[in-house]
Every structure is written in structure tokens, then in C-alpha cells.
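Here the protein sequences line up with chains A and B, keeping their order. So in the numbering used here, spot 191 of the first sequence is number 178, and the numbers just go up one at a time. So in the numbering used here, spot 85 of the second sequence is number 430, and the numbers just go up one at a time. The beta carbon of each residue, even a glycine, is placed where N, CA and C say it ideally should be.
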Amino acid sequence: MARIGVITFPGSLDDGDAARAVRLVGAEPVRLWHADDSLAEVDAVILPGGFSYGDYLRAGAISRFAPVMGALVDAANGGLPVLGICNGFQILCESHLLAGAMIKNERLTFVCKDQTLRVDNNSTAWTNEFAAGEEIVVPLKNQDGQFIADDATLDELEGEGRVVFRYVGNPNGSRRDIAGITNARGNVVGLMPHPEHAVEAGFGPEGAGTDGLRFFSSALGSLLASN
Amino acid sequence: MARVVVEIMPKPEILDPQGKAVAGALPRLGFTGFASVRQGKRFELEVEGEATEEVLAAARKAAAEVLSNPVIEDVVSVHVAPVAQED
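Quick look at the structure:
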């Protein structure tokens, strides 16, 4: 059975939901702790949402130096599928695994809503079960969600097809409506909205509310295909 | 005891939502003379002993690598400041 690790930092909030999403698609969630030195030989890793270490300096800034991050950065550079959700995305940016940074939302408000996203890149380890251009709905909940990068970086991300998700109706001022991006290799994906909160009918957004499931089944599918 | 002060500001080309919100509130409170506001961070790093060139170099490195994120912020100053005498 594919084993997908979920890293818990002090202040992580959505590690339980991420582990549950992994279980729902038929993979085995493996709890990883921020102070671990290794990734316990998992096949993929999720960095969950929350406010790691309180996010006092900047979101994700302290987590980047957690002991487990050394092993994670090496494994990610070696091709391990890694998904960063919300705070996890911020940690991946601070770790330089993904480009750009997040600042406070345009109108300083904590945004909490069901958010429509367009899938721009369906060839990553985490999005291969979506159709290109497909619109999906998953919850968005954050205060520091405005994606920022300089124009050269944004041009590069767009030119190389590394914008994975765009907001349909920009909720926070993110540059070029970017909600999620990937690295050059396509194994590391980060996004601000929360697919792990849209995995079971009746508990996610209105309607079916299970669009988030395919993030996790995509990863499982890529792992099975590569074995 | 010595104190090294590190000051960090959002990059000029990046809109500063916090500063913008403060700028919006000032006129409502009667402070009408300020055209704009930008909000940054100040860190005070205390060291035992003197702020030697090595201490300053370490503070500059910490400022560049941890205290600021170069994608969105600039380190505008790293300097030694007097420590107030405690009684």
C-alpha cells in the first residue's frame, strides 16, 4: 500500500484532515513530526495547513528550519511528490522549493469561503486526474494568502506551465490570479486553498463537495504507475 | 551588553496592505498630514559583551537569511544601538 506522510509542526491544524483524505483514497497516512530526522521512507509527503510555530516571524519562516525539512528538501529535489496546502505552501516558498512568497490578503481580511479554481496544469503528481481547464471548488481560509513574485518570476512560471491553479474571482489580490504553482520537475505542488476539506459528500462545499479527493488519488495513481 | 537593531521593510514595488490600512485610518482620526504609510519590522538582538564586527556580520547574515524574505522584503538597516541602563 502506498504510504503518504503528513508532517505535523507545532501549530499545524489540518494534519488530521490531510491524513483522512489520504485514507479515503486508499493509501496509508503516515504521521511525521517536525523534529524527525527522516521521512520514514514514505512515498509522498503532505505539508498541511495551520500556523506552524505561530507564524510570528512570517508564515512558514521558522518551519523551514525544522529538522524534518532537511530530509524533505533533499527528497523533493530527488523527485518525491510533495504537496503543500496553505501553511504548507508558505513553508515550501520559504524553503525555496517553490517560487514567490505570500503576504497579507489585499483587504487584510481573513478570507474563508468555498473558492472556485481553474486547473491550469493537470500533469503534476497531484493533479493528473483533473482535466486541463476544469473548474473545481474547494475551501479557502487564510489571512496571508496573497501570492507575490516579481514579474520575471511570474513570466517564467507562466511560460513553463508551472501555474497549476488560478482563482476564478481573485479573493486576495494574488498576482495573475495564481492560487497554486509547481516546481520545474512537477513533483512539488503548493496551493493556498484546502483540497483536504473537500473529500466527503456533506462535509465540504455545497453540492458534491468532493473535488479535493482527486489531489490525493492523483498522487496515489502516480505512485502506483511508477512502481 | 550591546544591542544590534535590524530594520526590515516591504520592498517598495510591493503593495503593503498593512501600511495601506493604517494610511486609511489616520485621516479618520484627524491625522490628515500624511500622504502614505508603510509598515515594517524592527528586531533588537542583544549580545553579551560588545557588538564586534563578527557580531554585526552574524546579525547581517541572520537578517538576510531568516529575519527577512528577499522576495518581499529589504533589510534597510543593521546597526548598533545603545542599551538603556536598568536601575
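- In the displayed model, A:S110 falls within coil according to three-state DSSP, outside both helix and strand.
- By the Cβ neighbour-count rule, A:G199 is buried, with 16 or more other Cβ atoms within 10 Å of its own.
- Taking A:A22 as reference, the option from A:N109, A:T140, A:T(-5), A:S(-1) with the minimal CA-CA separation is A:T(-5).
- If you compare the alpha carbons of A:D138, A:A166, A:L211 with that of B:I359, the shortest gap goes to A:D138.
- Three or more beta-carbon pairs separated by less than 8 angstroms link the segment -1 to 8 of chain A to the segment 171 to 187 of chain A, which places the two stretches in contact.
- A Cβ-Cβ separation of about 26 angstroms leaves A:A119 out of contact with A:V98 under the 8 angstroms criterion.
- Residues of chain A whose Cβ lies closer than 9 angstroms to the Cβ of B:P362 are, in chain order, I90, K91, N92, E93, R94, L95, Q133, G160.
- Comparing alpha-carbon positions, the option among A:D101, A:Q102, A:G132, A:D61 lying closest to A:I90 turns out to be A:G132.
- Taking the Cα positions, A:A88 is about 33 angstroms away from B:F376.
- Along the length of the segment 159 to 202 of chain A, whole beta strand (DSSP E) runs at least 3 residues long occupy 165 to 169, 175 to 178, reported in chain order.
- With fewer than 16 other Cβ atoms from the protein chains shown falling within 10 Å of its own Cβ, A:D24 counts as exposed.
- Residue environment: B:E395 is assigned as exposed (fewer than 16 neighbouring CB atoms within 10 Å of its CB, all protein chains considered).
- Counting only residues of its own chain and dropping the five nearest sequence neighbours on each side, A:F202 has a CB closer than 6 angstroms to the CB of W113, P182.
- In this chain, the beta strand (DSSP E) harbouring B:V350 covers 347 to 355.
- Per DSSP, reduced to three states, the secondary structure at A:C99 is strand.
- When secondary structure is reduced to three states using DSSP, A:Y40 falls in the helix class.
- In the DSSP assignment, A:T(-5) falls within the beta strand (DSSP E) that extends over -10 to -5.
- Annotation: B:F379 to B:D361 spans about 16 angstroms, alpha carbon to alpha carbon.
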